[in-house]
Amino acid sequence: MESNFQELKKMIQEELDKERYEHTLGVMYTSAALAMCYGSDTEEAMTAGLLHDCAKCIPNAKKIKKCEQYHLDISDVEYANPSLLHAKLGAYLAVQKYQVKSEEIINAISSHTTGRPGMSLLEKIVYIADYMEPGRVELPNMKEVRKLAFHDIDECLYRILKDSLVYLASKKLPIDPMTQKTYNYYKENLGKQEE
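Heads up, my numbering is the position in the sequence shown plus 1178, with the first residue counted as 1.
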């Protein structure tokens, strides 16, 4: 694993700009820390963290073209905001280019932007690590999110989803229906009463 992992890091570094690569390393290590905390596979968490943004630096027009070429569905929201496509395109590239065979890792890459109802532990870990890795700009409630992440992963996930929807609405940005569905799912599962 070690030599393969170093090779994978080198490949990813070539695909990303410096800032995105730094973020990726932050997500990789934060994913590992969360995996240790919750008894998940650290190797899978590090691999998913390392690959989660592998398609992020592809220009938006090219993201659309590649998704069409690979027959990956594109929603109206994704056509309007092609940067959202990096998750599903990244999951595809993880398999085709980076030889990932773990469905857990592929799902974690695929759902790290919008989430999805019924996420696996690894999916939650990567989603949360992407939001709160140490290099992230301080967002509202970040201290609380970082503390929650290591005490109650579902509560943390819910908090991030809620804050993300509030942020998108305040900026009048389009909301991916999957993010709304995911929020509703965890709101119901955790018995939340607000809104």
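Virtual Cβ for every residue (Gly too), placed ideally from N, Cα, C. As the structure is a prediction and not an experimental result, all values here were calculated from the model.
Inter-residue CB distance, residue i and residue j (contact presumed, cutoff 8 Å)
i       : j       : result
Leu1382 : Glu1282 : Here the chain covers residues 1179 to 1373 and nothing more, so residue 1382 does not appear.
Ala1223 : Leu1212 : 7 Å
His1329 : Ile1287 : With 8 Å as the limit, His1329 and Ile1287 do not qualify as a contact, their Cβ atoms being about 26 Å apart.
Glu1366 : Val1205 : About 28 Å; that fails the 8 Å criterion.
Tyr1276 : Leu1186 : 6 Å
Asn1319 : Asp1341 : 6 Å
Segment limits, alpha helix (DSSP H) that includes residue i
i       : result
Asp1308 : 1299-1310
Asp1332 : 1331-1348
Val1273 : 1264-1274
Ala1239 : 1238-1247
Lys1365 : 1355-1367
Lys1321 : 1320-1327
Asn1285 : 1281-1288
His1201 : 1196-1216
Leu1229 : 1220-1229
Contact set for residue i: own chain, Cβ-Cβ below 8 Å, skip 5 residues either direction
i       : result
Lys1241 : Ala1233, Pro1260, Ser1261, Leu1263, His1264, Leu1267
Lys1359 : Arg1294, Pro1295
Thr1202 : Ile1190, Leu1194, Gly1227, Leu1228, His1230, Asp1231
Thr1292 : Leu1262, Ala1265, Asp1354, Met1356, Thr1357, Thr1360
Option nearest residue i by Cα separation, candidates the options
i       : options                            : result
Leu1317 : Phe1328, Leu1203, Arg1337          : Arg1337
Asn1238 : Thr1220, Asp1219, Ala1258          : Ala1258
Arg1198 : Ile1353, Ser1342, Gly1313          : Gly1313
Thr1220 : Lys1188, Lys1243, Phe1183, Glu1200 : Phe1183
Residue environment, residue i, which counts as buried when at least 16 other CB atoms sit within 10 Å
i       : result
Ala1327 : buried
Val1315 : exposed
Cys1334 : buried
His1249 : exposed
Asp1251 : exposed
Ser1348 : exposed
Tyr1345 : exposed
Cys1215 : exposed
Lys1302 : buried
Minimum Cβ-Cβ distance from residue i to chain D less than 8 Å
i       : result
His1264 : Note that chain D does not occur in the displayed structure, where there is just one protein chain.
Residues of its chain near residue i, where Cβ-Cβ distance is below 7 Å and the 5 sequence neighbours each way are ignored
i       : result
Asp1332 : Tyr1364, Leu1368
Val1273 : Ile1284
His1290 : His1230, Ala1265, Val1304, Tyr1305, Asp1308
Ser1280 : Glu1222
Arg1324 : Met1310
Cys1235 : Glu1193, Leu1194, Asp1195, Arg1198
6 Å Cβ shell around residue i - same chain, five flanking residues per side excluded
i       : result
Val1255 : Pro1352, Asp1354
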